[in-house]
Amino acid sequence: MTHPVSSPETYRPEHFSWRFEEGVALVSLDRPDRKNPLTFDSYAELRDMFRALVYAKSVHVIVFGSNEGNFCSGGDVHDIIGPLTRMTMSELLDFTRMTGDLVKAMRSCPQPIIAAVDGVSVGAGAIISMASDIRYAAPEAKTAFLFNRVGLAGCDMGACAMLPRIIGQGRASELLFFGRSMSAEEGVAWGFFNAVVPAEDLETHALEQARRLRRGPTFANGITKNQLNMEWDMSLDTAIEAEAQAQAICMQTEDFRRAYDAFVAKAKPEFGGN
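First residue of the sequence shown: 375, per the numbering used here; consecutive thereafter.
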C-alpha cells in the first residue's frame, strides 16, 4: 500500500505537523504546551513516515524543526514512562525495538535530514537530533541524553554507536554517564552542532540550507548519505571499492552531464535529481 507521504502536498499526519514546499518538508512535534514530547503513536507515525520516504521521490530534504521554542522533551511522562513501568519484558522489548526503528528509518531514508534545535532537546529528542545529518542550534538550546537520570542506561536508540562518532568517546561517555545538558556552545565546539543561529532565525536558516541541498544533485546526495552509513563498519579497502561503485553510478546520471555542460558553457548547473 502506498504511504500518504508519497503525496507530500496533501499528506496530513495525525501526531506531528508537516509542511511541504518545493521539495523540502518541515516536520515538528506538535505539543508545545508539554515541550513537544513523544507518544507511542508519534514514535510509530514518525518511524513509518521516514521509512516511506524511500519511495517519496518528490521529497528531497527534511527539516526537523522546533515548535514554540522547544525541540522535543523526550518520551511523555504520563503517556509513555508510566505505562512502561507496568509492562512485561516482552512488551518492553517491543517498545525499545520500535524506538530504535525510528533511528534506523531516519538513517536509511535517502533524504538529508536537518535538525533545527531550540530550547529543550532531551532523551529521545536528543536522539532525533543526533540521528539527523546536519544540526543547527539556537543559543539557548539544551541537549541531554538523560537516560541515566531516570535509572536507565545511556545505550538507547543507537546513542553508544553514533554519539562517540560525532563528538568523541570521552565526551560521549560524559554525557551518557551523567545525563547532563550540553549547551549549544559546547555542541558546536564538539562538532555535534554545525552552527549556532539566533532563535528568531533558526527555522529560516535551516530551510535555506535545505533549499541549497534541494538545488543540488539530490540523487548523488542520497548516495552520499548511504555511503556515510555503510562505511561505519567497512575496512578502508572495502570502503574505497564501495565508493568506486557508488561514484560510477553517479557518473551515469543526467546531473553529472548537466554539470559538465554547464562548466563548458561557463554557467551554473541546474540539477534535476536524476
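Glycine included, every Cβ here is placed at the ideal spot set by N, Cα and C.
Legend entry - Where residue 446 falls: helix, strand or coil (DSSP): Strand at residue 446.
Inset, instruction - Could you please give the first and the last residue of the uninterrupted alpha helix (DSSP H) stretch that includes residue 638? - result: Where residue 638 is concerned, the enclosing alpha helix (DSSP H) starts and stops at 628-638.
Inset, instruction - Can you check DSSP and say which residues form a bridge with residue 395? - result: Note: residue 395 is bridge-paired with 398 in the DSSP secondary-structure output.
Legend entry - Neighbourhood of residue 588 by C-beta, 6 Å cutoff - its chain only, sequence neighbours within 5 removed: Sequence-distant partners of residue 588 (beyond 5 residues in either direction) whose C-beta falls short of 6 Å from its own C-beta, in its chain, are 397, 398, 434 and 435.
Legend entry - Alpha-carbon spacing of residue 508 relative to residue 584, whole angstroms: Going from the Cα of residue 508 to the Cα of residue 584 covers about 10 Å.
Legend entry - Whether residue 501 touches residue 531 by CB criterion (7 Å): Yes.
Legend entry - Host beta strand (DSSP E) of residue 608 (start-end): Counting along the chain, residue 608 sits inside no beta strand (DSSP E), nor does DSSP assign it H or E at all.
Inset, instruction - If I'm right that residue 495 touches residue 516 with Cβ under 8 Å, what's the distance once you round it to whole angstroms? - result: Right, the Cβ-Cβ distance comes to about 7 Å (below 8 Å), so this counts as a contact.
Legend entry - Residue interval of the alpha helix (DSSP H) (run including residue 502): Per DSSP, residue 502 is one residue of the alpha helix (DSSP H) stretching across 498-505.
Legend entry - Beta bridge counterpart(s) of residue 438 as assigned by DSSP: According to the DSSP secondary-structure assignment, residue 438 is paired through a beta bridge with 401 and 489.
Inset, instruction - Tell me where the alpha helix (DSSP H) around residue 417 begins and ends. - result: Segment 414-426, the alpha helix (DSSP H) holding residue 417.
Inset, instruction - Could you check the C-alpha separation between residue 442 and residue 464 for me, to the nearest Å? - result: Using only the alpha carbons, I get a separation of about 37 Å.
Legend entry - Close-in-space but distant-in-sequence residues of the same chain around residue 595 (CB under 7 Å, 5 per side omitted): Non-local beta-carbon contacts of residue 595 in its own chain, meaning distances under 7 Å to residues more than five positions away in sequence, involve 486 and 587 in chain order.
Legend entry - With 16 other Cβ atoms within 10 Å as the buried cut-off, status of residue 623: When all chains shown are included, residue 623 counts as exposed.
Inset, instruction - Give the straight-line distance between the Cα atoms of residue 645 and residue 592, rounded to the nearest whole angstrom. - result: The alpha-carbon atoms of residue 645 and residue 592 are separated by roughly 8 Å.
Inset, instruction - Count the CB pairs spanning the segment 532-541 and the segment 551-569 that are closer than 8 Å, and state whether there are at least three. - result: Segments in contact, yes.
Inset, instruction - Could you tell me whether the Cβ atoms of residue 421 and residue 476 are closer together than 7 Å? - result: In this structure, residue 476 lies closer than 7 Å to residue 421 by Cβ.
Legend entry - residue 509 - containing alpha helix (DSSP H), residue span: Premise fails: residue 509 lies in the beta strand (DSSP E), 508-511, not in any alpha helix (DSSP H).
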